[in-house]
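Right, one structure below, let's go through it.
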Amino acid sequence: TDSKSNSSSSAINQEQLIVRNGELQLVVDDVNGAGVEIENLVKGFNGYVVSSRFWDNGTDLMGYYSIRVPDESFEAAMTALGNLAVEVKSETTDSYDVTQEYIDLDARLRNAEATEGQYLALLAKAVSVQDTLQIYQSLSQVRSEIEQLKGRMLYLERITSTSLINISLEPEKSGGPLITGDWSLGDAFKTVLRGVVMFGQWFITGLMWVAVFSPIWGSILAWFLIRRRRKNRMV
Numbered sequence: 033t034d035s036k037s038n039s040s041s042s043a044i045n046q047e048q049l050i051v052r053n054g055e056l057q058l059v060v061d062d063v064n065g066a067g068v069e070i071e072n073l074v075k076g077f078n079g080y081v082v083s084s085r086f087w088d089n090g091t092d093l094m095g096y097y098s099i100r101v102p103d104e105s106f107e108a109a110m111t112a113l114g115n116l117a118v119e120v121k122s123e124t125t126d127s128y129d130v131t132q133e134y135i136d137l138d139a140r141l142r143n144a145e146a147t148e149g150q151y152l153a154l155l156a157k158a159v160s161v162q163d164t165l166q167i168y169q170s171l172s173q174v175r176s177e178i179e180q181l182k183g184r185m186l187y188l189e190r191i192t193s194t195s196l197i198n199i200s201l202e203p204e205k206s207g208g209p210l211i212t213g214d215w216s217l218g219d220a221f222k223t224v225l226r227g228v229v230m231f232g233q234w235f236i237t238g239l240m241w242v243a244v245f246s247p248i249w250g251s252i253l254a255w256f257l258i259r260r261r262r263k264n265r266m267v
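Just so we're aligned, residue 33 is where the sequence shown starts under our numbering, counting upward by one.
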């Protein structure tokens, strides 16, 4: 058993477990089209899409993808994703080593499994009901710890065998809103209505001025016409 444990630990020590993540902010010709290309690219690398979403920010369609690809394809995937863009606005990568954590978990797991074996041996020899119940309780706690340790180790194996890449998508050209935020149909109608009312008021006022001063204008016009006729007769 000791030889097996030592060989297991040495095998783990020989292989580093590195978590690698990438972030890309891409400017593309067409956000929808870029999304389709990303999905095809992920399939080509035997990866998968963790999540994706598209939204309208009021002027343009934006996109976001979170993908996982095999760790050995991380650099190639980052390069291929960058080639989809008109411009790579930002590109960041980070990594951290979880090898020591995995080794510690493995050691704790082997100890817990050894303890489980001891409790099973005690259980087989238990005579009283009280002893049996106490051993069962301890055995249950150890088995719960074993499941937690195995779960954490599987998680570390998964996140080190695949790399996470988050991609933000934005269009090359911003269209801008067709209608400004200050414009509304109701306000436009009110403006037109005020213009009609003002014109009506001006027109009616003009008619009133004509009506009030028509006797004076009429007298002047009549005097002018009579004088003109007299001049014509004298000629």
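C-beta atoms are modelled at their ideal positions from N, C-alpha and C, and glycine is treated no differently.
Looking at C-alpha atoms only, which residue of Ser127, Arg175, Val74 and Leu196 is the closest neighbour of Arg142? Arg175
Taking DSSP's pairing of strands, which residues face Glu202 in a bridge? Val59
Excluding the 5 residues flanking Leu113 on each side, which residues of the same chain have their C-beta closer than 8 Å to its C-beta? Leu56, Leu58, Ile70, Leu73, Ile197 and Ile199
Work out the CA separation of Ser122 and Ile191 for me, nearest whole Å. 23 Å
State the Cα-Cα distance for the pair Asn89 and Val68, rounded to the nearest angstrom. 20 Å
Specify whether the segment 100–110 and the segment 134–151 touch according to this definition: at least 3 beta carbon pairs, one from each stretch, less than 8 Å apart. no
Beta-ladder partner(s) of Asn53, from DSSP: Asp126 and Leu196
If we ignore side chains and look at the alpha-carbon of each, how far apart do Thr131 and Glu47 end up? 8 Å
Asp62: which of Asn53, Val82, Leu49 and Met94 sits nearest, CA to CA? Met94
Tell me which residue opens and which closes the alpha helix (DSSP H) that Phe106 is part of. Phe106 to Asn115
C-alpha gap between Asn115 and Ala66, whole angstroms: 11 Å
First and last residue of the beta strand (DSSP E) that includes Asp136? Per DSSP, Asp136 belongs to no beta strand (DSSP E); it is in the alpha helix (DSSP H), Thr131 to Lys157.
Reduced DSSP secondary structure (H/G/I, E/B, other) of Glu189: helix
Between the Cα of Thr124 and the Cα atoms of Trp234, Arg52, Thr237 and Met230, which residue gives the shortest distance? Arg52
Whole-number beta carbon distance between Leu201 and Tyr96, since they are thought to touch under 8 Å: 7 Å
May I ask you to report which of helix, strand or coil DSSP gives Asp163? helix
Ile178 vs Glu145 beta-carbon contact at 8 Å: yes
With DSSP as the reference, please indicate the residues paired to Leu93 in a beta bridge. Asp88
Mind checking who Glu119 pairs with in its DSSP beta bridge? Val59
Buried or exposed for Ser172, please, with buried defined as at least 16 other CB atoms from any protein chain shown within 10 angstroms of its CB. exposed
Kindly identify the DSSP beta-bridge partner or partners of Ile99. Val81 and Ile197
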